[in-house]
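Okay, so the sequence shown: first residue is 43 according to my numbering, each after it adds one.
Cβ coordinates follow ideal geometry from the N, Cα and C atoms, glycine included.
Here the structure is a predicted model, which means the values were calculated and not measured.
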Amino acid sequence: MEKEMNNAKKPNRAALAEKPAGKLPNEVKEILGKLKRHFGKTLETASMEELYKASALCIRDEILDLWMNANSRVEKEGKKQVYYLSAEFLMGRAYTNNMINMGILEKYRKTFEFLGLDLNEVADQEKDAGLGNGGLGRLAACFLDSLATLELPAVGCGIRYEYGLFRQRIVDGEQVEMEDNWIEDGFVWEIERPDEEIEVHFDGEIEEVWMEDKMVPVHKNYTTVLAVPYDVPITGYQSKCPATLRLWSAKAKKRFDIKDFDQGKYFQAIQEREMAEAISKVLYPNDNHEQGKLLRLRQFYFLTSATIQSIVRKHKRLHGNLRTLPNYVTIQINDTHPTLAIPELMRILLDEEGFNWDDAFALVQSLFNYTNHTILSEALERWDEQMFKLLLPRIYSIVQAMNEKYCRWLNKFYKNDMDRISRMAIVAYGQIRMANLCLAVVGHVNGVSQLHGDILKKELFVDEYRVNPGKFMAITNGITHRRWLAVANPGLTQLMTEYIGNRFVGDYREFEKLLPFAEDETFLKKYAAVKQENKKRLAAYLEKKQGVQLHTDALFDVQCKRLHEYKRQLLKCLHILYLYNKLQENPNFITQPIVFLFAAKAAPGYARAKNIIRLINAIGELVNNDPVTRDLLQVVFIENYGVSSAQLLIPAADISEQISTAGMEASGTGNMKLMMNGALTMGTMDGANVEIYEQVGPDNIFIFGAREEEIFAMKRYSNYRPGEIYEKNIDVRNALTRLIDGSLPGVSVHQFSDLYQSLLFGDYNNSADPYFVLHDFAAYIHTFDRARHKYQRNPMGWMKMAVVNTAKSGFFSSDRTIREYNERIWHLHHFAE
Ligand code: 26Q
Numbered sequence: 043m044e045k046e047m048n049n050a051k052k053p054n055r056a057a058l059a060e061k062p063a064g065k066l067p068n069e070v071k072e073i074l075g076k077l078k079r080h081f082g083k084t085l086e087t088a089s090m091e092e093l094y095k096a097s098a099l100c101i102r103d104e105i106l107d108l109w110m111n112a113n114s115r116v117e118k119e120g121k122k123q124v125y126y127l128s129a130e131f132l133m134g135r136a137y138t139n140n141m142i143n144m145g146i147l148e149k150y151r152k153t154f155e156f157l158g159l160d161l162n163e164v165a166d167q168e169k170d171a172g173l174g175n176g177g178l179g180r181l182a183a184c185f186l187d188s189l190a191t192l193e194l195p196a197v198g199c200g201i202r203y204e205y206g207l208f209r210q211r212i213v214d215g216e217q218v219e220m221e222d223n224w225i226e227d228g229f230v231w232e233i234e235r236p237d238e239e240i241e242v243h244f245d246g247e248i249e250e251v252w253m254e255d256k257m258v259p260v261h262k263n264y265t266t267v268l269a270v271p272y273d274v275p276i277t278g279y280q281s282k283c284p285a286t287l288r289l290w291s292a293k294a295k296k297r298f299d300i301k302d303f304d305q306g307k308y309f310q311a312i313q314e315r316e317m318a319e320a321i322s323k324v325l326y327p328n329d330n331h332e333q334g335k336l337l338r339l340r341q342f343y344f345l346t347s348a349t350i351q352s353i354v355r356k357h358k359r360l361h362g363n364l365r366t367l368p369n370y371v372t373i374q375i376n377d378t379h380p381t382l383a384i385p386e387l388m389r390i391l392l393d394e395e396g397f398n399w400d401d402a403f404a405l406v407q408s409l410f411n412y413t414n415h416t417i418l419s420e421a422l423e424r425w426d427e428q429m430f431k432l433l434l435p436r437i438y439s440i441v442q443a444m445n446e447k448y449c450r451w452l453n454k455f456y457k458n459d460m461d462r463i464s465r466m467a468i469v470a471y472g473q474i475r476m477a478n479l480c481l482a483v484v485g486h487v488n489g490v491s492q493l494h495g496d497i498l499k500k501e502l503f504v505d506e507y508r509v510n511p512g513k514f515m516a517i518t519n520g521i522t523h524r525r526w527l528a529v530a531n532p533g534l535t536q537l538m539t540e541y542i543g544n545r546f547v548g549d550y551r552e553f554e555k556l557l558p559f560a561e562d563e564t565f566l567k568k569y570a571a572v573k574q575e576n577k578k579r580l581a582a583y584l585e586k587k588q589g590v591q592l593h594t595d596a597l598f599d600v601q602c603k604r605l606h607e608y609k610r611q612l613l614k615c616l617h618i619l620y621l622y623n624k625l626q627e628n629p630n631f632i633t634q635p636i637v638f639l640f641a642a643k644a645a646p647g648y649a650r651a652k653n654i655i656r657l658i659n660a661i662g663e664l665v666n667n668d669p670v671t672r673d674l675l676q677v678v679f680i681e682n683y684g685v686s687s688a689q690l691l692i693p694a695a696d697i698s699e700q701i702s703t704a705g706m707e708a709s710g711t712g713n714m715k716l717m718m719n720g721a722l723t724m725g726t727m728d729g730a731n732v733e734i735y736e737q738v739g740p741d742n743i744f745i746f747g748a749r750e751e752e753i754f755a756m757k758r759y760s761n762y763r764p765g766e767i768y769e770k771n772i773d774v775r776n777a778l779t780r781l782i783d784g785s786l787p788g789v790s791v792h793q794f795s796d797l798y799q800s801l802l803f804g805d806y807n808n809s810a811d812p813y814f815v816l817h818d819f820a821a822y823i824h825t826f827d828r829a830r831h832k833y834q835r836n837p838m839g840w841m842k843m844a845v846v847n848t849a850k851s852g853f854f855s856s857d858r859t860i861r862e863y864n865e866r867i868w869h870l871h872h873f874a875e
């Protein structure tokens with residue numbers, strides 16, 4: 043309706059289609075050309091989606107000019123490049139982001155206005171590239187943006203999963219997973235490179251064969267899978283050096299042998315094809331939890347073998363001799379998932395390039411670096427030795443040899459300390475441990491926040507640290523402020539531009555120029571107005587998507603992240619039940635309306651996480667419908683959390699919930715996005731919350747709960763007794779009782795007894811309350827009370843704190859993070875140097 047009215051004022055599509063082409067603006071002509079060539083459509087007949095694609099193809103043309111030029115210069119001038127290997131790249135949409143980077147957003151906004159269309163509506167046609175689970179995958183995406191912006195030559199290498207992370211629906215309060223066939227209707231940004239296809243070999247046996255004067259291992263009876271690269275240019279802000287995202291897709295090798303079909307191998311042939319192509323079919327939906335499946339191992343070897351072979355092939359073409367490889371290439375492995383790149387390069391050097399072991403090993407050592415993203419033991423990657431050996435016989439024998447040499451070397455330091463050496467070994471107790479493999483080889487190991495880096499040294503990798511302290515470092519994560527501010531929050535971006543100019547988009551140090559305006563009443567009012575608009579924008583989205591009406595004048599409390607027990611969404615749940623209980627006793631217990639927004643996907647096999655989603659929705663039903671609470675508390679679960687919904691949700695937040703058990707969240711990056719958009723952190727001293735605290739100071743953050751050392755001590759001495767807290771604290775008791783007394787609507791009384799039990803008694807493999815929820819409950823309540831009082835009593839004081847958060851968030855730009863990686867690890871030269 044509204045759009046038709048708009049169209050009446052402006053030239054509409056049908057009218058424009060009649061116009062002689064010569065009279066139209068250039069951009070319109072170009073879009074028309076793409077519509078015709080790619081879809082056989084006109085302005086009048088094209089769908090919104092086709093208009094999106096046609097305009098995206100125009101933008102792509104502009105990017106391709108830069109990209110091709112940069113690539114040829116990097117090759118010709120022999121510039122060193124970083125290869126960022128990652129099983130996940132959580133890219134989200136590229137359209138608006140690319141326009142901002144290319145400086146053509148306003149041009150296209152006007153073009154679409156001319157056509158009577160809204161740019162945002164066109165942008166909404168793009169599907170998210172959701173090729174990641176959470177933090178680790180999104181970090182890879184932010185890093186590519188910053189690498190391109192800083193004009194450091196870079197290639198991200200990953201898997202072109204046909205199905206990204208599942209789409210989530212909530213049906214009767216429960217998570218239901220649906221396929222995410224994101225590529226079904228084509229992905230406009232990619233370019234297939236069939237000429238750079240690579241063969242990857244699995245299965246079979248190794249035979250030692252005499253060749254010339256020595257025994258050489260020969261891989262026999264292997265099965266072949268083809269790896270086809272698809273390259274995506276990644277633009278940087280005003281950058282002449284776009285990065286490349288290279289995604290590998292699995293393809294079966296063509297069978298030329300008609301004989302096989304004659305012999306009734308028809309089914310086998312088709313089955314083999316399906317097996318081969320299954321490799322890049324789907325992303326495993328586990329976050330911070332390993333799934334030691336054969337297909338998963340196939341995926342990782344597929345990615346690493348294709349990548350390493352293509353690096354070797356290119357280097358030989360350009361420079362001939364592999365010994366110079368470290369002058370041109372450095373490889374960062376994003377957690378242990380791409381670790382097989384290490385033995386794969388060993389294999390090529392030893393078996394195909396005639397290196398001896400020591401030379402090969404030295405080269406590999408100088409090439410690879412490893413970032414650790416988790417200390418959770420259930421997330422540390424281990425593979426069953428027998429499975430590994432069957433799938434990758436040659437890689438297995440190389441890993442065995444590495445293990446032997448490593449253990450012998452360790453024995454020099456830890457003489458006959460067999461316990462310690464078996465803990466550190468790469469292969470032990472029938473398992474291959476990828477983190478240990480990395481530690482044994484790479485030049486640098488880094489944690490992703492200062493605290494996390496310390497924990498690696500003091501706890502997880504303490505034995506390695508003693509042997510080789512210089513290897514360890516911490517580089518605090520970051521986020522690209524282009525996407526998380528300029529794209530996600532145009533209102534705030536415009537306001538900032540008005541006050542401090544627009545240099546901050548390319549230079550994170552400019553953020554601090556906002557600081558003086560934290561004292562400026564007019565600025566604060568405008569800042570508050572932007573927040574209000576963002577709440578309304580989110581409300582419109584939720585109304586449309588989920589049919590819920592948000593109370594937009596309330597305080598917005600946001601917890602958005604993967605669902606995991608250590609992130610303690612359950613603590614938030616108990617908090618809301620506590621407020622509910624208090625309001626039942628005294629309807630004036632609080633007078634500040636609060637909207638609690640949750641957004642989270644649970645791994646499909648993680649029953650307890652799914653039950654917590656069920657609980658959040660049950661609590662929502664309880665408080666949103668109770669006449670005592672419905673005007674004060676609103677609980678909303680946002681479906682299908684992903685990059686695009688995060689871009690709408692985060693700018694609307696007042697409070698950022700970062701309440702993990704201290705020591706367990708390696709860094710967190712959502713905390714940074716929320717801070718940048720002016721939400722105040724309610725957090726434990728965990729991960730990068732510590733650095734946020736250091737940046738904003740104690741007056742602009744709400745810190746509560748046990749510190750890492752306290753948690754560590756309680757675990758070590760097993761002296762935590764949640765039952766005692768239950769006995770002493772009536773609020774804890776009353777909140778917990780709601781889980782099992784039938785108060786919660788729409789579920790059986792037994793639905794949440796598992797959660798109740800786990801908090802009070804533990805289960806077969808855990809002690810009671812292993813994440814210390816009850817321990818931190820009282821401190822959380824107290825701290826939240828402080829926050830809501832501040833918000834209510836002094837709204838401008840609150841806005842002032844919010845502005846300080848935005849002003850201090852420059853440190854968390856991934857531009858800073860990448861600069862640090864480059865100075866301390868990669869040593870790349872700027873493209874223009
Ligand atoms: C491992 C083995 C086999 C199968 C799956 C996995 C697996 C998959 C995903 C293990 C871990 C992950 C994801 C980890 C992750 O996202 N970690 C997060 O990384 C962020 C970026 O550094 C941090 O900010 C978060 O604190 C950390 O949880």
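Take every Cβ of the stretch 507 to 514, pair it with every Cβ of the stretch 692 to 701, and state whether three or more of those distances are shorter than 8 Å.
-> no
Along the chain, where does the alpha helix (DSSP H) that runs through glutamine 341 open and close?
-> 336 to 361
Among residues of its own chain, excluding the 5 on either side of threonine 346, which ones have a beta-carbon nearer than 6 Å to its beta-carbon?
-> Pro380, Leu382, Ala383 and Glu386
Does the ligand 26Q have a heavy atom nearer than 7 Å to the CB of glutamine 591?
-> no
How close, in whole Å, do the beta carbons of leucine 621 and leucine 675 come, if the pair is a contact with beta carbons under 8 Å?
-> 6 Å
With respect to 7 Å, is the separation between the Cβ of histidine 415 and the closest non-hydrogen atom of the ligand 26Q below this value?
-> yes
Look at the alpha carbon of alanine 182 and the alpha carbon of threonine 779, and state the distance between them as a whole number of angstroms.
-> 43 Å
Under the criterion of a Cβ to heavy atom distance below 7 Å, does arginine 338 qualify as lining the ligand 26Q?
-> yes
Quick one: what's got a C-beta closer than 6 Å to proline 635's C-beta in the same chain, skipping five residues either side?
-> His593, Ala596 and Leu674
Taking the C-alpha atoms as reference points, what is the distance between glycine 788 and aspartate 170?
-> 33 Å
Are the C-beta of isoleucine 767 and some C-beta of chain B separated by less than 8 Å?
-> The structure shown contains no chain B; it holds only a single protein chain.
C-alpha gap between leucine 801 and glutamate 769, whole angstroms = 13 Å
Cβ neighbour criterion (16 or more within 10 Å) applied to tyrosine 759 = exposed
Sorted by chain position, which residues of the same chain lie with C-beta nearer than 6 Å to glutamate 234's C-beta, five sequence neighbours on each side aside?
-> Tyr272
Output the residue ranges of the alpha helix (DSSP H) runs that lie fully inside the stretch 84 to 134 and measure 4 residues or longer, sorted by chain position.
-> 90 to 118
Leaving out the 5 sequence neighbours to the left and right, which residues in its chain are closer than 6 Å to valine 846 when beta-carbon positions are compared?
-> Ala560, Val738 and Asn742
Euclidean distance between Cα positions of cysteine 199 and methionine 388 = 19 Å
Going by beta carbon distance, what residues of the same chain come within less than 6 Å of glutamate 239, once the five residues before and after it are set aside?
-> Leu268 and Val270
Work out the CA separation of leucine 159 and valine 490 for me, nearest whole Å.
-> 43 Å
C-alpha distance - valine 774 paired with phenylalanine 638, whole-angstrom precision | 20 Å
Around the C-beta of alanine 571, are 16 or more other C-beta atoms found within 10 angstroms, so that it is buried, or is it exposed?
-> exposed
Would you mind giving the Cβ-Cβ distance between phenylalanine 854 and methionine 717, rounded to the nearest angstrom? I have them listed as a contact below 8 Å.
-> 7 Å
Use the C-beta contact count for proline 532: other C-beta atoms within 10 angstroms, 16 or more gives buried, fewer gives exposed.
-> buried
Does at least one heavy atom of the ligand 26Q sit under 7 Å from the Cβ of valine 258?
-> no
Tryptophan 526 to valine 116 span [Cα, whole Å] | 29 Å
Could you tell me whether the stretch 294 to 305 touches the stretch 117 to 136, where touching means 3 or more Cβ pairs closer than 8 Å?
-> no
Sort Glu148, Leu157, Leu367 and Asp187 by Cα distance to leucine 132 and report the nearest one.
-> Asp187
What did DSSP end up calling serine 291 once you bin it into helix, strand or coil?
-> strand
Roughly how many whole angstroms lie between the Cα atoms of tyrosine 798 and isoleucine 618?
-> 16 Å
Alpha carbon to alpha carbon, how far is asparagine 719 from lysine 513?
-> 35 Å
Run of the alpha helix (DSSP H) containing glutamine 634, from where it starts to where it stops = Glutamine 634 -> no alpha helix (DSSP H), and no H or E assigned at all.
CA nearest to the CA of aspartate 237, picked from Gln793, Gly729, Lys356 and Cys449 | Lys356
Within the stretch 697 to 730, ranges of the beta strand (DSSP E) (whole runs, at least 3 residues) = 697 to 700 and 722 to 725
In angstroms, rounded to a whole number, what distance separates the CA positions of alanine 655 and glutamine 217?
-> Looking at the sequence provided, one finds isoleucine at residue 655 rather than alanine. So the two alpha carbons sit approximately 7 Å from each other.
Take arginine 202 as the anchor and find which of Ala196, Glu319, Val677 and Ile772 has the nearest alpha-carbon.
-> Glu319
What distance in whole Å lies between the Cβ atoms of tyrosine 126 and isoleucine 517, which are believed to be in contact at a cut-off of 8 Å?
-> 14 Å between Cβ atoms; not a contact.
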